[in-house]
Structure formats: structure tokens, C-alpha cells
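**Q** Counting along the sequence shown from 1, when you hit position 128 you're at 231 in this note's numbering, and nothing is skipped either side.
Don't be surprised by glycine CBs; every beta carbon is placed ideally from N, CA and C.
Here it is: the structure, laid out below.
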Amino acid sequence: MLFRSAQPCLDHYDKAVAAYQRTDDLRGMALAWKEYVGARFTLAAVPFGALIDVQPLIEVIAACGDREPSLRGQLWAKISQAYWHARQIDNAEAAARHALRLADQARDEPLEAEAWVALALAQTQNLQVQAALESWRHSLAAARRAEDPWRQGWSLQRAPA
Numbered sequence: 104m105l106f107r108s109a110q111p112c113l114d115h116y117d118k119a120v121a122a123y124q125r126t127d128d129l130r131g132m133a134l135a136w137k138e139y140v141g142a143r144f145t146l147a148a149v150p151f152g153a154l155i156d157v158q159p160l161i162e163v164i165a166a167c168g169d170r171e172p173s174l175r176g177q178l179w180a181k182i183s184q185a186y187w188h189a190r191q192i193d194n195a196e197a198a199a200r201h202a203l204r205l206a207d208q209a210r211d212e213p214l215e216a217e218a219w220v221a222l223a224l225a226q227t228q229n230l231q232v233q234a235a236l237e238s239w240r241h242s243l244a245a246a247r248r249a250e251d252p253w254r255q256g257w258s259l260q261r262a263p264a
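Here it is, written out as C-alpha cells:
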């Protein structure tokens with residue numbers, strides 16, 4: 104069941120994905136799928152422990168091949184969060200580490216911040232408190248280097264918990 108306000112959002116992402124598919128815009132399709140998956144576990148009433156379908160993201164990653172490391176990293180970070188939501192901690196941690204490797208390869212500090220957040224979520228859920236705190240610190244440092252206050256907030260809000 105979806106919150107009433109989530110359905111129009113998801114419908115728009117469905118339309119965006121379809122439009123990007125028609126125009127063979129892989130990057131646009133990837134970003135639309137990424138936001139769709141994120142909306143599913145943040146806006147929709149998906150029970151904690153249920154896995155959101157991440158197969159479209161995995162397919163886009165495969166379609167990218169070795170190109171677009173930042174884009175692939177963003178998708179891995181979102182996959183990690185979906186696995187975290189599903190309480191699949193080993194998968195969440197592995198996906199976050201993929202995202203971190205790609206962030207390093209691309210020298211993408213906003214992605215690095217996001218990937219550290221994804222890893223910290225998995226570590227927190229697995230009660231790896233010290234490791235999670237260290238991941239929150241890395242995320243904050245990357246977000247500060249990127250001068251990204253939105254990403255800084257992710258770590259600043261969660262690390263104290």
C-alpha cells in the first residue's frame with residue numbers, strides 16, 4: 104500500500120523511465136530509476152524488511168559497462184540503501200563498498216559522502232558502532248570537501264545516534 108501522496112510521484116518516475124527508454128538516454132533512465140527506488144522506501148508505505156525491486160538499477164549498471172563510474176556509484180549507493188531497508192546487511196555493505204570504490208575512481212566527493220552514508224547505515228544496523236561512527240565521519244568530511252550542506256546534514260543528524 105502506498106501513502107496517497109506517493110503514487111503521483113511514482114507515476115511521474117514511471118513516465119520518466121519510459122520516456123528515457125524511448126530516447127535511449129541511459130543516464131536519464133538510470134537517474135529516474137534511482138529516484139524511483141528511493142521514493143519507494145522513503146515515501147511509499149513499504150514495510151521495513153521488504154526489499155524494493157533493485158533489478159532495474161542492476162540492469163542499468165550492467166548496460167553502463169565500464170563507463171560512467173559516478174553514475175554506477177550512485178546506483179550502488181541506492182541499492183545499498185534498499186538492501187539496508189530490507190535488513191539484508193551483508194548485501195547493503197557490499198553494495199556500499201562498490202559505491203565507495205567507484206567514488207574513489209571518479210574522484211566524486213558527493214558520491215563518496217553518499218556511499219559512506221550507505222555503509223554507515225549497514226554498519227549501524229549490524230551494531231558495528233565504532234565502524235559506523237568512522238563511516239559517518241568520512242561521509243561528513245567528503246560532504247564538507249564538496250561544500251554540500253545537504254549531504255553534511257545526513258551525517259550530522261545520524262552520527263550522534
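State the Cα-Cα distance for the pair Ile182 and Arg240, rounded to the nearest angstrom.
**A** Using only the alpha carbons, I get a separation of about 22 angstroms.
**Q** What would DSSP say about Ser108, mapped onto helix, strand or coil?
**A** The answer is coil: DSSP assigns Ser108 none of H, G, I, E or B.
**Q** Where do the ends of the alpha helix (DSSP H) carrying Leu178 lie?
**A** 172-188 is the span of the alpha helix (DSSP H), which, as asked, contains Leu178.
**Q** Relative to the alpha-carbon of Leu205, which residue among Ala165, Pro213, Ser173 has its alpha-carbon at the smallest distance?
**A** It is Ser173 whose Cα lies nearest to the Cα of Leu205.
**Q** Indicate whether Leu236 and Gln255 have their beta-carbon atoms separated by less than 8 angstroms.
**A** Taking 8 angstroms as the Cβ cut-off, Leu236 and Gln255 do not qualify as a contacting pair.
**Q** Can you grab the Cα-Cα spacing for the pair Ala245 / Ala262, in whole Å?
**A** Answer to the nearest angstrom: the Cα atoms are 15 angstroms apart.
**Q** Please report the distance separating the alpha-carbon of Thr126 from that of Leu134.
**A** About 14 angstroms.
**Q** Using only the alpha-carbon positions, how far apart do Pro111 and Ala121 sit?
**A** The straight-line gap from Cα to Cα measures roughly 15 angstroms.
**Q** Hey, how far is the Cα of Met104 from the Cα of Ala264?
**A** With a pLDDT of 47 at Met104, under the threshold of 50, the modelled position of this residue cannot be trusted, and the question is left open.
**Q** For Gly152, name the three-state secondary structure that DSSP assigns.
**A** It is coil, neither helix nor strand.
**Q** Beta-carbon within less than 7 angstroms of Asp251's beta-carbon, same chain only, minus the 5 sequence neighbours each way: which residues are those?
**A** Counting only Cβ-Cβ distances below 7 angstroms, and skipping sequence neighbours, we find Pro213, Ala216.
**Q** Leaving aside the five residues before and after Lys118 along the sequence, list all residues of the same chain whose C-beta is less than 6 angstroms from its C-beta, in chain order.
**A** The answer is none, since no qualifying residue turns up.
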